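Residue numbers (the working numbering): 337 to 631. Even for Gly, the Cβ is constructed at its ideal location relative to N, Cα and C. Just so it is clear, the structure is predicted and the values come from calculations on it, not from any experiment.
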Ligand SMILES: NC(=O)c1ccc[n+]([C@@H]2O[C@H](COP(=O)([O-])OP(=O)(O)OC[C@H]3O[C@@H](n4cnc5c(N)ncnc54)[C@H](O)[C@@H]3O)[C@@H](O)[C@H]2O)c1
């Protein structure tokens, strides 16, 4: 099967990034969102990112123009009718995703592959919302999509080898390294990273070291590009909390039990970089230790 047209559902942070890497790979991309303003913002964001590269001299203006020409805005799910692949990247909410997939199942042509970018919802539970379960797959990109090299491909219980092959080729054409994982909570990266992050939270609660020193230790001693707290702030503490809750529910293993301080920060609305405060304070425009809370 040849993939030419890809529709992305949800024009947020991940959806816009997927539209960008798809267009850069030469695919005809359609970016859809229930909120028209989100589509405009997503497309403008891709344009801004590429324009910066043009200004720096690392991208030709023609490359920007040809990439942007391949991204079309959409506010109608019906535009998925002639897509070869649909990649869903809406909020991390199982009922919302199931509802969208059952609508897509009715709209899309029979050979169209349906993929979800969920971080934590079991792929098989989403696949159950459609009749074409052999053509349903997890396509887990990492943030920011244009920068991060990995795309985990997750096999739901009925995903066919052909679907894995087609989607692997698409992801690789988008410049991604692919791995195939079974449909287990957290797949590969979030499972291993979450276990490490929980250990970092325990170190903080036990008073082993400060947020800053734990990050410093892991960056300089384990050669991580970002410390566990910096990364949690970058991804969003709400996303982090929901991933941990899923892992805890899935494995029934106390090592994944969501941390109480994390829960309090989420309840207080401090979700990391996107709200200005999380494990660190970003309100001055720079990353600073928090002085308004005691961890
Ligand atoms: N942010 C990350 O680091 C990251 C990494 C990997 C995977 N993911 C997953 O990707 C998905 C999207 O995450 P995000 O960070 O881009 O979220 P986001 O909040 O930036 O974007 C979600 C978008 O979905 C749209 N949306 C909501 N309901 C919709 C509907 N019914 N139809 C169409 N669009 C709808 C919203 O308007 C919003 O623009 C989630 O499942 C998340 O778990 C996120």
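Rounded C-alpha distance that separates residue i from residue j
i, j, result
"residue 511", "residue 396", "18 Å"
"residue 349", "residue 541", "31 Å"
"residue 486", "residue 571", "16 Å"
"residue 491", "residue 404", "32 Å"
"residue 338", "residue 519", "26 Å"
"residue 556", "residue 564", "12 Å"
"residue 420", "residue 610", "33 Å"
"residue 489", "residue 449", "13 Å"
"residue 461", "residue 434", "8 Å"
"residue 616", "residue 496", "44 Å"
"residue 384", "residue 454", "26 Å"
"residue 475", "residue 351", "12 Å"
"residue 601", "residue 508", "38 Å"
"residue 545", "residue 629", "16 Å"
"residue 620", "residue 551", "20 Å"
"residue 401", "residue 625", "42 Å"
Local conformation of residue i per DSSP, three classes
i, result
"residue 562", "coil"
"residue 475", "strand"
"residue 617", "strand"
"residue 422", "strand"
"residue 577", "helix"
"residue 622", "coil"
"residue 629", "coil"
"residue 466", "coil"
"residue 447", "coil"
"residue 607", "coil"
"residue 344", "strand"
"residue 409", "strand"
"residue 366", "strand"
"residue 452", "strand"
"residue 599", "helix"
"residue 428", "coil"
When the options are compared against residue i, the one with the closest alpha-carbon
i, options, result
"residue 493", "378, 470, 595, 475", "470"
"residue 345", "602, 410, 524, 400", "410"
"residue 593", "532, 553, 347", "532"
"residue 580", "623, 522, 627, 597", "522"
"residue 466", "528, 441, 372, 460", "441"
"residue 635", "553, 380, 525", "As displayed, the chain neither begins before 337 nor continues past 631, which places residue 635 out of reach and without an answer."
"residue 500", "480, 478, 472, 432", "472"
"residue 567", "607, 584, 496, 591", "607"
"residue 598", "459, 587, 583, 576", "576"
"residue 585", "604, 457, 623", "457"
"residue 573", "603, 583, 590", "603"
"residue 482", "590, 347, 382", "382"
"residue 515", "477, 546, 587, 550", "477"
"residue 424", "353, 376, 589", "353"
"residue 596", "534, 561, 343, 415", "534"
"residue 374", "365, 364, 347, 394", "347"
"residue 527", "464, 591, 391", "591"
Neighbour flag for residue i against chain B, beta carbons, 9 Å
i, result
"residue 383", "Among the chains of the structure shown, chain B does not appear; only one protein chain is present."
Distance cut-off 8 Å: residue i Cβ against heavy atoms of ligand 2
i, result
"residue 502", "Here the bound small molecules are ligand 1; ligand 2 is not part of this structure."
Entirely enclosed beta strand (DSSP E) segments - the region 491-568, minimum 3 residues: 513-518
Contact set, ligand 1 heavy atom to C-beta under 7 Å: 345, 346, 347, 348, 349, 350, 351, 368, 369, 370, 371, 374, 425, 426, 427, 428, 432, 436, 453, 454, 455, 456, 476, 477, 478, 479, 571, 572, 575
Within the region 373-401, ranges of the beta strand (DSSP E) (whole runs, at least 3 residues): none
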